[in-house]
Amino acid sequence: MNWGSLENFLAMGGYAFYVWGSYLVTLGLVIAEIVLLALRKRSALARLRLHGTAQGDR
Amino acid sequence: MNWFKYSSPQTFFPLAGKLAVWFGVLAAIACTAGLYLGFFAAPTDAQQGEAYRIIFIHVPAAWMSMFLYLVMAFWAGLGLAFNTRLSGMMASAIAPTGALFTFIALWTGSLWGKPTWGTWWVWDARLTSELILLFLYFGFMALQAAIDDPRRADKAGAVLALIGVVNIPIIYFSVKWWNTLHQGASVSLTKAPTMAATMLTGMAVMAFGFWFYSIAAALMRARCIMLERERASEWVADYARGSA
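Going line by line, the protein sequences match chains L and U. Using the working numbering, the first residue of the first sequence is number 1, and each one after it goes up by one. Using the working numbering, the first residue of the second sequence is number 1, and each one after it goes up by one.
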């Protein structure tokens, strides 16, 4: 598929809203999931360091 | 190789970390290749113009939404039958990613339906059963979140997950059993492909990308769950100290 120009590519034959609306929301949700997972791990580790020492360093 | 070695969180945790990285890399490669095929190799559709390019996420996401539910129910059932700790953790780790792909399938379907059917939504069997799948994922997560004891939460969730499996064949065969606005299966094992080879290849490569991504995300979440649930154990304390 040869789009010819960037404008043509972005226009998606008049379906830009539907095509890019699908792709961008998917990309955003996937990035959000990765960020949330990283944050969840960080907070789990932070809590462990906070409470882990309370149990004493065995 | 002793597979049971990896059925304990302690030994599975580092393996899951390594696998998550590898599957993440594979997902990035497959999705890049799939998007290239989808946008630059695949031709314009004769009937739908460029709107059809939504297919490269819609169909793989819909496949994943159903497949992940089956994998989740499999782990949940295994945990219920053998009372293994890791099984329940895996089921809980898959649910949010499954819900994500179910939402993406519904969202992209809606954006595809508007220009091709003239409506964002209809209550036909395919769309309704896929929406029920989303509610099953939400129900599973809400039920688990509502029960404090993780082992009891796993058991209750497992029962819900196993009952919900009934919905999967309903989604899959809905386009056959009922007269739906949604079209029939795009890919069939028994019939010759009805679309251009590059379209089919792009869709398959994207499906592999989503599959690899799901594995990576589920393993990352499983690691978080292990850290949270096993926080009283020695190895978790060691890990927390080591990564300080």
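The beta carbon of each residue, even a glycine, is placed where N, CA and C say it ideally should be.
Starting from residue i, follow the alpha helix (DSSP H) in both directions and report where the run begins and ends.
i, result
"M90 of chain U", "85-117"
"S65 of chain U", "55-82"
"S214 of chain U", "197-229"
"Y15 of chain L", "Premise fails: Y15 of chain L is in no alpha helix (DSSP H) and is neither H nor E."
"T11 of chain U", "9-36"
"V236 of chain U", "234-242"
For residue i, I'd like the list of residues in its chain whose CB is within less than 7 angstroms of its CB, leaving aside the five on either flank, ordered along the chain.
i, result
"G209 of chain U", "A27, A30, C31, G34"
"M64 of chain U", "F101, F210, W211, S214"
"Y36 of chain U", "none"
"D45 of chain U", "Y52"
"W117 of chain U", "L181"
"W120 of chain U", "S110, G113, K114"
"T84 of chain U", "S7, L78"
"L68 of chain U", "I94, T97, G98, F101, S214"
Just confirm the distance between the C-beta atoms of residue i and residue j, as a whole number of angstroms; I'd bet it's less than 8 angstroms.
i, j, result
"I54 of chain U", "T108 of chain U", "5 angstroms"
"A222 of chain U", "A16 of chain U", "6 angstroms"
"T198 of chain U", "P43 of chain U", "7 angstroms"
"P9 of chain U", "M220 of chain U", "Not really, about 14 angstroms apart at Cβ, beyond 8 angstroms."
Spatial neighbours of residue i within its chain, please: C-beta separation below 6 angstroms, excluding the five flanking residues on both sides.
i, result
"Y213 of chain U", "A27"
"A11 of chain L", "none"
"D57 of chain L", "Because the pLDDT at D57 of chain L is just 49, under 50, the model does not fix this residue reliably, and the point stays unresolved."
"A54 of chain L", "Because A54 of chain L carries a pLDDT of 49, less than 50, the predicted location of this residue cannot be relied on, and the following value inherits that uncertainty. None."
"D154 of chain U", "G79, G88"
Which residues in the same chain as residue i place their Cβ atom closer than 8 angstroms to its Cβ, once the five residues preceding and following it in sequence are excluded?
i, result
"E228 of chain U", "none"
"L160 of chain U", "L136, G139, F140, L143"
"S248 of chain U", "Residue 248 of chain U is absent from the model: chain U starts at 1 and stops at 244."
"V175 of chain U", "A125, R126, H182, Q183, G184, A185"
"Y239 of chain U", "F13, L227"
"V236 of chain U", "M226, L227, E230"
"R49 of chain L", "none"
Could you confirm whether any beta carbon from chain C is found closer than 8 angstroms to the beta carbon of residue i?
i, result
"V25 of chain L", "Absent from the structure is chain C; the protein chains it does hold are L and U."
Next on the checklist: Quick check for students: name the residue ranges of the alpha helix (DSSP H) that lie wholly in the segment 143-183 of chain U, counting only runs of 4 or more.
Outcome noted: Runs found: 150-164, 167-177.
Checklist entry - Touching or not, the segment 84-97 of chain U and the segment 43-50 of chain U, by the rule of three or more beta carbon pairs under 8 angstroms? => result Verdict: no, contact absent.
Checklist entry - Quick one: any contact between the segment 71-85 of chain U and the segment 37-47 of chain L, if contact means 3 or more CB pairs under 8 angstroms? => result Flag = no, the segment 71-85 of chain U and the segment 37-47 of chain L do not touch.
Next on the checklist: Using a Cβ distance threshold of 8 angstroms, determine whether the segment 119-127 of chain U contacts the segment 167-183 of chain U, with at least three qualifying pairs required.
Outcome noted: Taking 8 angstroms as the limit for Cβ pairs, the verdict is that the segment 167-183 of chain U does touch the segment 119-127 of chain U.
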